[in-house]
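Residue numbers (the working numbering), protein chains in the order written: chain L, 38 to 104; chain Y, 38 to 104; chain P, 38 to 104; chain Z, 38 to 104; chain V, 38 to 104; chain W, 38 to 104.
For every residue, glycine included, the Cβ atom is placed at its ideal position computed from N, Cα and C.
Working notes for the structure below.
Protein chains: 6
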Amino acid sequence: MPILEVHLLSGRPDEVKSELVRELTDAVHRTLGSAPEAIQVLLTEYQDGSWNVAGEPLTLGKAAARD
Amino acid sequence: MPILEVHLLSGRPDEVKSELVRELTDAVHRTLGSAPEAIQVLLTEYQDGSWNVAGEPLTLGKAAARD
Amino acid sequence: MPILEVHLLSGRPDEVKSELVRELTDAVHRTLGSAPEAIQVLLTEYQDGSWNVAGEPLTLGKAAARD
Amino acid sequence: MPILEVHLLSGRPDEVKSELVRELTDAVHRTLGSAPEAIQVLLTEYQDGSWNVAGEPLTLGKAAARD
Amino acid sequence: MPILEVHLLSGRPDEVKSELVRELTDAVHRTLGSAPEAIQVLLTEYQDGSWNVAGEPLTLGKAAARD
Amino acid sequence: MPILEVHLLSGRPDEVKSELVRELTDAVHRTLGSAPEAIQVLLTEYQDGSWNVAGEPLTLGKAAARD
Numbered sequence: 038m039p040i041l042e043v044h045l046l047s048g049r050p051d052e053v054k055s056e057l058v059r060e061l062t063d064a065v066h067r068t069l070g071s072a073p074e075a076i077q078v079l080l081t082e083y084q085d086g087s088w089n090v091a092g093e094p095l096t097l098g099k100a101a102a103r104d
Numbered sequence: 038m039p040i041l042e043v044h045l046l047s048g049r050p051d052e053v054k055s056e057l058v059r060e061l062t063d064a065v066h067r068t069l070g071s072a073p074e075a076i077q078v079l080l081t082e083y084q085d086g087s088w089n090v091a092g093e094p095l096t097l098g099k100a101a102a103r104d
Numbered sequence: 038m039p040i041l042e043v044h045l046l047s048g049r050p051d052e053v054k055s056e057l058v059r060e061l062t063d064a065v066h067r068t069l070g071s072a073p074e075a076i077q078v079l080l081t082e083y084q085d086g087s088w089n090v091a092g093e094p095l096t097l098g099k100a101a102a103r104d
Numbered sequence: 038m039p040i041l042e043v044h045l046l047s048g049r050p051d052e053v054k055s056e057l058v059r060e061l062t063d064a065v066h067r068t069l070g071s072a073p074e075a076i077q078v079l080l081t082e083y084q085d086g087s088w089n090v091a092g093e094p095l096t097l098g099k100a101a102a103r104d
Numbered sequence: 038m039p040i041l042e043v044h045l046l047s048g049r050p051d052e053v054k055s056e057l058v059r060e061l062t063d064a065v066h067r068t069l070g071s072a073p074e075a076i077q078v079l080l081t082e083y084q085d086g087s088w089n090v091a092g093e094p095l096t097l098g099k100a101a102a103r104d
Numbered sequence: 038m039p040i041l042e043v044h045l046l047s048g049r050p051d052e053v054k055s056e057l058v059r060e061l062t063d064a065v066h067r068t069l070g071s072a073p074e075a076i077q078v079l080l081t082e083y084q085d086g087s088w089n090v091a092g093e094p095l096t097l098g099k100a101a102a103r104d
């Protein structure tokens, strides 16, 4: 019955997010043995200014290695 | 900079949880391209009685297909 | 001082959400005895594609029994 | 498919928490029409010192009207 | 590596939110000794009707002492 | 009415956590103008193995600059 809340910066293409969801679901299924229909993945996307590191807003692409 | 909050029932072996963490981290790295050191996975485990479905507590193993 | 974070699919009418909030507040007041003004209910609504089960997006109405 | 995360102070009897879970589940079922088995209620209890108001820890019973 | 999730009513000016983020980051750095770049602050803003107290929606400014 | 959920590694002394709570409350009061009694700070501490970066558990002290 695992629930994954995924926090990420806004701005990724839909197909990338769909692929992320499928891969995370597979990872839970493979390692915990949960039935796929029991695995929930909830995405929360943060707009510019809502995600901050070291007191400054993070923007997708500005800090490639971290975002 | 993705953060994954994983909610799961308490009671899984440590090595299973470690494997879960590694697989989830890989899935984020592969699909979003984030550097591994920018990916955080936080596990929250729920004791008996804290996770409820249909008003009744869920217990690991009792409902194999779902937990 | 209970706080309820309610995660639900986007798309319900305002009056339904208001009724949900009132009923949840009453339920906490009745069972825990908390003063109503100490009970907070926070709604988070998920747009299409943000709530996924079995690796696929859930849409309000598509899966009537579950949403 | 609603998920309720309930944050409350630690220290309530098990039967009170069970009753709370059932009442919350009923409230969601009545107002949103969700099937009971699609409604999840997750309880998170906070020990002394972990829940703070006005910079000071809140303790169950110390502030009857609020807890 | 602390993460702060800040829940607040929508409607504050950007410069107020930026100042809030910087002050919170400083507070964590001063008291825990964490490096600033290890401190993350995530803001979640609630629109009208999403934040409820005593079963009624809270609006910024309507209840000055509380919002 | 702001709520701060603070996620941090387990193992800090109580007086450090109390000081953190007071400083965070002050920061919210100063920047948003909220009354102190309307500001809630909830601490969630993560035991060894529950907080992971790059797929590996983070331990307080092991990675001084980050924890």
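Closest Cβ-Cβ distance between residue i and chain L: below 8 Å?
| i | result |
| --- | --- |
| Ile40(Z) | yes |
| Ala64(P) | no |
Could you tell me if residue i is buried or exposed, where buried requires 16 or more neighbouring beta carbons within 10 angstroms of its beta carbon?
| i | result |
| --- | --- |
| Glu52(P) | exposed |
| Gln77(L) | buried |
| Leu41(Y) | buried |
| Ser47(Y) | exposed |
| Gly70(L) | exposed |
| Pro92(V) | Strictly speaking, residue 92(V) in this sequence is Gly, with Pro absent from that position. That one is buried. |
| Ala101(P) | Caution is warranted here: a pLDDT of 46 is assigned to Ala101(P), below 50, making its placement in the model unreliable, and no coordinate value can be reported. |
| Ala64(Y) | buried |
Could you tell me whether any Cβ in chain P is nearer than 8 Å to the Cβ of residue i?
| i | result |
| --- | --- |
| Gly48(V) | no |
| Glu74(L) | yes |
| Leu80(L) | yes |
| Tyr83(V) | yes |
What residues in its chain sit with their C-beta under 8 Å from that of residue i, if we drop five residues either side in the sequence?
| i | result |
| --- | --- |
| Ser87(P) | Pro94 |
| Leu79(V) | Ile40, Leu41, Glu42, Val43 |
| His66(L) | Ala72, Pro73, Ile76 |
| Thr62(W) | Pro73, Ile76, Val78 |
| Tyr83(Z) | His44, Leu45, Leu46, Ser47 |
| Thr68(Z) | none |
Any beta-carbon of chain V closer than 8 Å to the one on residue i?
| i | result |
| --- | --- |
| Thr68(W) | yes |
| Val53(P) | no |
| Ala102(W) | Confidence in Ala102(W) is poor, its pLDDT being 48 and thus under 50, which makes the residue's placement unreliable; the coordinate value appears in the next sentence. By this cut-off, Ala102(W) is an interface position. |
| Glu56(W) | yes |
Go through its chain and collect everything with a Cβ distance to residue i's Cβ below 7 Å, but skip five positions before and after it.
| i | result |
| --- | --- |
| Leu96(L) | Inspection of the sequence shows that residue 96(L) is occupied by Thr rather than by Leu. The answer, listed in chain order, is Asp85. |
| Asn89(V) | Leu95 |
| Pro50(W) | none |
For residue i, which beta-bridge partners are listed by DSSP?
| i | result |
| --- | --- |
| Ile40(W) | His44(V), Gln77(W) |
| Pro94(Y) | Asn89(Y) |
| Glu82(V) | Leu45(V) |
Nearest chain Z C-beta to residue i closer than 8 Å, yes or no?
| i | result |
| --- | --- |
| Glu60(P) | yes |
| Gly98(W) | no |
| Val43(Y) | no |
| Ser87(Y) | yes |
Nearest chain Y C-beta to residue i closer than 8 Å, yes or no?
| i | result |
| --- | --- |
| Gln77(Z) | yes |
With a threshold of 6 Å on Cβ separation, who are the neighbours of residue i within its own chain once the five nearest residues in sequence on each side are excluded?
| i | result |
| --- | --- |
| Thr81(Z) | His44 |
| Val58(W) | Val78 |
| Met38(W) | Ala75 |
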